[in-house]
Amino acid sequence: MKNPQFHVKTFDELTLRELHSIYVMRALVFTVGQQITEQEPDDADLDCMHLFVKANDGCVIAYLRMFDLETVTDDSHEITPGAWTIGRVAVLPETRGTGLGKAIFAEGIRWISENTDAQRIEISAQQYLAGTLYAAAGFAQVGDVYLEAGIDHVHMVLEIER
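Structure below.
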């Protein structure tokens, strides 16, 4: 997709239609597509910046969420001073292979770099994407493979140059 229009909003800024479209999309990608049975949505959504791209009909076709690991208040993320995270990276199946996943991920990195004082971005990456999408964006694997929601993941870090 050429020149996608990115939207960045807090939870409270999302319209009900945007929130519904985000949750339907995430359920399609993670619950149906990957058979993940972990809670979706979760409490972290309340504290996130939601980054997304909409199709002409208003439906969300690409999404990720970003939040400060120093101030997170849910039970799933460790408090980490100086770090933000990107998660729930999702692109609808019919738009995969268009570069939209790389574009929204790059936009998330840019947004964190320009709008926060984060020193690094830490992610829990599905292992099959670690060497492609995430390594290409400058992330380095830290530690061994672990299971999260029944899927192999690796911890990855990107140091932000200031």
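Residue 141 in our numbering sits at position 153 of the sequence shown, and the numbers go up by one each step. We put the beta carbon where it would ideally sit given N, CA and C, even for glycine.
Reference F18, options E136, M144, S64, closest by Cα: Translated into the one-based positions of the sequence shown, residue 18 becomes position 30. Measuring from the Cα of F18, the nearest candidate turns out to be E136.
So, with DSSP's three-state summary, where would you put K(-3)? Here residue -3 is taken as the residue at index 9 of the sequence shown, counted from 1. Under the three-state reduction of DSSP, K(-3) is assigned to strand.
Coarse secondary structure for L2, derived from DSSP in three states: Here residue 2 is taken as the residue at index 14 of the sequence shown, counted from 1. For L2, the three-state secondary structure derived from DSSP is coil.
Helix, strand or coil for S112, going by three-state DSSP, please let me know. By 1-based counting over the sequence shown, the position of residue 112 is 124. Three-state result, S112: strand.
Roughly how many angstroms separate the alpha carbons of D173 and A113, rounded to a whole number? Any answer about residue 173 is impossible in this case: the structure gives the chain only from -11 up to 150.
Determine the closest residue to T120 out of R108, S101, G87, with distance taken between C-alpha atoms. By one-based count along the sequence shown, residue 120 stands at place 132. The shortest C-alpha to C-alpha distance from T120 to any of R108, S101, G87 is the one to G87.
Burial state of T3, where buried means 16 or more other Cβ atoms lie within 10 Å: Numbered from its first residue, the sequence shown carries residue 3 at position 15. So T3 ends up on the exposed side.
Exposed or buried, L16, counting other C-beta atoms within 10 Å across all chains shown (16 or more means buried)? Working through the sequence shown from its first residue, we reach residue 16 at position 28. Burial state of L16 is exposed, judged by a 10 Å Cβ sphere holding fewer than 16 other Cβ atoms.
Proximity below 9 Å, CB of H141 to CB of Q107: Counting from one through the sequence shown, the residue named residue 141 turns up at place 153. Counting from one through the sequence shown, the residue named residue 107 turns up at place 119. No, the Cβ-Cβ distance between H141 and Q107 is not below 9 Å.
Could you tell me the alpha carbon to alpha carbon distance between R5 and V77, rounded to whole angstroms? Numbered from its first residue, the sequence shown carries residue 5 at position 17. Numbered from its first residue, the sequence shown carries residue 77 at position 89. Their Cα atoms are separated by approximately 19 Å.
Helix, strand or coil for T73, going by three-state DSSP, please let me know. As a working mapping, residue 73 is identified with position 85 in the sequence shown. If DSSP states are grouped into helix, strand and coil, T73 belongs with the strands.
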